[in-house]
Amino acid sequence: MDDAPHQSTSALSRRALIGAGALGLATAGGMGAAIGTSPARAATGATRKVTIYAEALPGNQYGYGLAPGQATVPGPVLEMYEGDTLEITLVNTTSQRLSIHPHGVDYDTGSDGAPLNGSFNNPGETRTYVWRSHEMTAAAGRRFMPGSAGYWHYHDHAMGDDHGTAGIARGLYGALIVRRRGDILPDKQFTVVFNEMMINNKTAPNTPMFEANHLQRVEWLAIGHGNLFHTFHLHAHRWADNRTGMLEGPSDPSPVIDNKDLNPGSSFGFQVLAGEGGGPGVWMYHCHVQQHSQAGMSGLFLVRNADGSMPPGAEEAIHRFQGHAAKATSEHSAHQ
Amino acid sequence: MDDAPHQSTSALSRRALIGAGALGLATAGGMGAAIGTSPARAATGATRKVTIYAEALPGNQYGYGLAPGQATVPGPVLEMYEGDTLEITLVNTTSQRLSIHPHGVDYDTGSDGAPLNGSFNNPGETRTYVWRSHEMTAAAGRRFMPGSAGYWHYHDHAMGDDHGTAGIARGLYGALIVRRRGDILPDKQFTVVFNEMMINNKTAPNTPMFEANHLQRVEWLAIGHGNLFHTFHLHAHRWADNRTGMLEGPSDPSPVIDNKDLNPGSSFGFQVLAGEGGGPGVWMYHCHVQQHSQAGMSGLFLVRNADGSMPPGAEEAIHRFQGHAAKATSEHSAHQ
Amino acid sequence: MDDAPHQSTSALSRRALIGAGALGLATAGGMGAAIGTSPARAATGATRKVTIYAEALPGNQYGYGLAPGQATVPGPVLEMYEGDTLEITLVNTTSQRLSIHPHGVDYDTGSDGAPLNGSFNNPGETRTYVWRSHEMTAAAGRRFMPGSAGYWHYHDHAMGDDHGTAGIARGLYGALIVRRRGDILPDKQFTVVFNEMMINNKTAPNTPMFEANHLQRVEWLAIGHGNLFHTFHLHAHRWADNRTGMLEGPSDPSPVIDNKDLNPGSSFGFQVLAGEGGGPGVWMYHCHVQQHSQAGMSGLFLVRNADGSMPPGAEEAIHRFQGHAAKATSEHSAHQ
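Chains as they are written, first to last, in our numbering: chain U, 1204 to 1539; chain W, 1204 to 1539; chain E, 1204 to 1539.
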């Protein structure tokens, strides 16, 4: 398995992978909100084409990737702006029936990714799925039907059964972001998937260690899968429990939290400034269910100094984590 | 058991069942927001009287109904506007102790529906419960104590034990809506109750198939009960995670979601335009916990063409669902 | 074990315990919002020092207290305003390794309370932890990085394992509030911790009976811990699902609820007027998971008449609760 792309060291280079849209995205992101100035829905946005390869991986895992041989768990972060269309050509290189099912965006029944609608790839088959998106639209009473913007996700819906239970268990999932024009773009992105008793299908100390420099803008993408219920906790950081994680002004009534339910099929995202308040150092992220964190559902967020150097004590903390986590996980396994 | 009223084909005809309030409701709904123009709390709103019959149903189920012999699972949708009072005469036609306990509204201890307060119907007994409601009221600091508006629910609180465990398990529950004046009224309403491993006390393929025509305004009422934790997912539709499911303007910070925790005692509601974005077709709603959807916690939302005709592929999808669901449910039962 | 301070009969006297800040807090609370007028972050707020004693209690419990011999479960409510710093000197009077780990506030790695960062008290050791806080700060796009205000909590992160599993199980937890200047102060505060199948490490009928007079402003502090998932329900009261529980004006889109997920590591708070809508009487609060309420996760909120006298029926309700709860709990234990 390749190094997982859930930790992107350059947002721009990651975005460049999504068809020809990278430059357009960066430009649009600096344009400010365009709501209200856009013409009819169909006319807004760009259409981007991306090919995704579903592949078997060692250890009975499966992954999505943007090029042959590059499948990862989780799959690549896919991004679009409200109004954009994503045309996904899914190449099934495996011997299993599978699909790709998105949350949040618009699709017709042929792109549902559900066997119910006959929407899946047989072994070896290539199939195109079209995901559209739209801005909010005015309704009666000065209300608006919501647009597509959100921290969404995508996953298999066809391997093993009609809900993709086997595909999800083995790694066929990833993050999907639909942004509003004007949204702030991050410096780095981390994808965290709580799936059964694992994070990104791994347990401590093999869970991802995410890294950023002090005060870099980091976007966390959190996704829940499987059968268990979890709570995501990040040490020394906090976010508003709303669409972006940031307050939309002094009268935004959203609670500010640092621990949030992360349950099957749900997703959320937020941006923090790395080490804001707490400073550089090694900070844990983990499931706050005690037996889950004990059993290996924890990982590290290394906030380096602003110049990229290691802060005091960081090496020791990493070593402790690796030792503690390995011990706890093996004890937990022994007791099962 | 009668055809369940959780799917109302005409919002007005349903509302007409709630005492004499139907016309008044429709009128009030078109009035726009009246907040701030209302006099003292006690003077606002109408008092409506409704008789509810608690009845035993086949299969060891129980239901509430608005007329003798018409009890259903879930019970009827009850609606009021902030300021209204609902006087419920509960007729207990069964041999069990039971009650009716509402969420969200105002009631004194005698209408609590809890044995703690001696508030229940003995077998064969008739008892009146009074549910009041109120608009938001100004508090210090430019804040407001919340009004009663919400997507609430009601349920038994006395059968089997002092928390109504047996009554809830067997079907004594339903939706209760308190609207603010000016709220948009839907064309159709669907009630979905996740109760143990069932939806409305049924498993696939016998779960309700909800129907609407393309772009009809549909109100989903979601309620959780029992002992298990669930997540409600609806394909190809999305809603704002706020009071109404619609954004209150471009600066509403609420996340937009398509998957939400639905746990014991909780409820939420939202409105969507049927097939907005995705178009007509058959869309699944289901619990996103994999073992729950596998075991039968899924159902269909049939979005017909605008003229009411069947969209292409819909019949096939329905047949697939019935076959798949029956197979999965029987396999699940065999493994238990 | 002393009478638990989770029910404070005078908010001011409780606050006075937190260093010299009580008067300052009360004054600041009446100042109105100071956002935007504060100079650089470091210059705002006061620094308060508090000594906390971690002690062994009867029944294999542990508690935090503000003076020797006064440890309780839950520990004392700690409060600060955004911009304040709390310097906590933790005296470990026990034979166990333990720590204090806060949610929501700012701390450097040495005050993390996590063994990962070498931040804990060995048996008999005294150690100082520094918790800072800050107001929201402007970001690009007219957004704000969140400040520290919230209904947070603190807990052990070092007893038994590297996540404090044993310390939390045995009672080392409490509420932490960070207020915005201008927030409304309550008359009374109740702390409710759902920890495994217990409330504040007790089961009915020994769970706390909270008391207030009719229309007193009561602040509920709800915290989840352990391994199980719960939903907190309060009869006859409701709150906005936002930062304060009150609506921030007529356009606040927050849902109003009376039942909310309360899961490990999460916390929320809200203010209600005791008996608003329902009047004086005895009202249940309980976990709405049926097996949990049956097994003893319920308690009473006694709303007295405005003059402090007992409302009609209250004594009977309390007696029923004590009898019912004792019976249900013993039956539950017998079946396990």
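Beta carbons: idealized from backbone N, C-alpha and C, even for Gly.
| Check | Outcome |
| --- | --- |
| Sorted by chain position, which residues of the same chain lie with C-beta nearer than 6 Å to W/TRP1486's C-beta, five sequence neighbours on each side aside? | HIS1438, ALA1439, PHE1504 |
| I'd like to know whether the C-beta of U/GLN1392 is nearer than 8 Å to at least one C-beta of chain E. | no |
| Please classify E/GLY1272 as buried or exposed, where buried requires at least 16 other C-beta atoms within 10 Å of its C-beta. | exposed |
| Would you grab the beta carbon distance between E/VAL1294 and E/THR1329 for me? Rounded to a whole angstrom, and I think it's under 8 Å. | 5 Å |
| In the DSSP assignment, what residue or residues form a beta bridge with W/PHE1583? | Coverage of chain W is limited to positions 1204 through 1539, which leaves residue 1583 of chain W absent and any answer about it impossible. |
| Straight-line CA distance for W/GLY1542 to W/VAL1276? | Because chain W spans 1204 through 1539 in this model, residue 1542 of chain W falls outside it and cannot be assessed. |
| Going by DSSP in three states, E/ASN1462 sits in which element: helix, strand or coil? | strand |
| In this structure, what does DSSP give as the bridge partners for E/TYR1427? | It is worth fixing the name first, because residue 1427 of chain E is Gly in this sequence and not Tyr. DSSP, once it has assigned bridges, lists E/PHE1397 as partnering E/GLY1427. |
| Using a 10 Å radius around the Cβ and a threshold of 16 neighbouring Cβ atoms, would you call E/GLY1327 buried or exposed? | exposed |
| Kindly indicate which three-state DSSP category W/ALA1243 falls into: helix, strand or coil? | Residue placement at W/ALA1243 cannot be trusted, given a pLDDT of 37 that sits under 50; what the coordinates show is reported in the next sentence. Coil, per DSSP. |
| I want to verify the contact list: residues of chain B whose CB lies under 9 Å from the CB of W/ALA1343, in sequence order. | Going by chain labels, chain B is absent from the structure shown, which instead holds the protein chains U, W and E. |
| Residues of chain W with CB under 7 Å from E/GLN1494, in chain order? | ASN1430 |
| Does E/ALA1259 have its Cβ less than 8 Å from a Cβ in chain U? | no |
| The beta strand (DSSP E) that contains W/GLY1268, what's its start and end? | 1264-1268 |
| So which residues of chain E does U/VAL1381 contact, with C-beta pairs closer than 7 Å? | In chain order: nothing, as chain E lies at least about 17 Å away. |
| Could you run through the stretch 1441-1460 of chain W and flag, in chain order, every residue whose CB is less than 7 Å away from some CB of chain E? | ASN1445, ARG1446, GLU1451, ASP1455, SER1457 |
| Applying the 10 Å Cβ sphere with the 16-neighbour rule, what's the burial state of U/SER1322? | buried |
| Does W/ALA1341 come out as helix, strand or coil in the three-state DSSP assignment? | strand |
| Return the first residue and the last residue of the beta strand (DSSP E) that U/GLY1353 is part of. | 1353-1358 |
| Decide if U/THR1292 is buried, meaning its Cβ has at least 16 other Cβ atoms within 10 Å, or exposed. | exposed |
| Taking U/LEU1476 as the reference, which of U/TRP1423, U/HIS1358, U/ASN1325 has the closest Cα? | U/TRP1423 |
| So for W/SER1470, helix, strand or coil by DSSP? | strand |
| Assign E/LEU1319 to one of three DSSP states: helix, strand, or coil. | helix |
| I need the straight-line Cα distance from U/TYR1284 to W/ALA1352, nearest angstrom please. | 34 Å |
| Note down the Cα distance separating W/MET1459 from U/ALA1415, rounded to an integer number of angstroms. | It is worth fixing the name first, because residue 1459 of chain W is Val in this sequence and not Met. If you take the alpha carbons of W/VAL1459 and U/ALA1415, they lie about 28 Å apart. |
| What did DSSP end up calling W/GLY1541 once you bin it into helix, strand or coil? | The structure shown does not extend to residue 1541 of chain W, since chain W spans only 1204 to 1539, so no value can be given for it. |
| Among the residues of its own chain, which have a CB less than 6 Å from the CB of E/THR1394, if the five just before and after it don't count? | HIS1209, PRO1277, ALA1378, LEU1424 |
| Roughly how many angstroms lie between the CA atoms of W/GLY1363 and W/PHE1432, to the nearest whole one? | 22 Å |
| Which residues, in order along the stretch 1486-1513 of chain U, keep a beta-carbon less than 9 Å from a beta-carbon of chain E? | TRP1486, MET1487, HIS1489, CYS1490, HIS1491, VAL1492, GLN1493, GLN1494, HIS1495, SER1496, GLN1497, SER1501, LEU1503 |
| Could you name the residues of the same chain whose beta carbon sits closer than 6 Å to that of U/ALA1361, not counting the 5 residues immediately before and after it, in chain order? | ARG1300, LEU1301, SER1302, PRO1318, PHE1323, GLY1367 |
| Counting pairs of beta carbons, one from the stretch 1304-1315 of chain E and one from the stretch 1384-1400 of chain E, are three or more of them closer than 8 Å? | no |
| Can you tell which of W/ASN1320, W/PHE1397, W/THR1296 has the C-alpha that lies nearest to the C-alpha of W/HIS1304? | W/ASN1320 |
| Just reading off the beta strand (DSSP E) that E/ALA1509 is part of, what are its end residues? | Where E/ALA1509 is concerned, there is no enclosing beta strand (DSSP E), given that its DSSP letter is neither H nor E. |
| Around the Cβ of W/THR1230, are there at least 16 other Cβ atoms within 10 angstroms (buried) or fewer (exposed)? | Because the pLDDT of W/THR1230 is 27, which lies under 50, any placement of that residue in the model is unreliable, and the number read from its coordinates should be weighed accordingly. Counting Cβ neighbours within 10 Å, W/THR1230 comes out exposed, since fewer than 16 surround it. |
| W/PRO1408 to W/PHE1524, Cα distance in whole Å? | 7 Å |
| Can E/THR1434 be considered in contact with the ligand PLP, in the sense that its beta carbon sits closer than 7 Å to one or more heavy atoms? | What this structure holds is no ligand at all, so the ligand PLP is not there to describe. |
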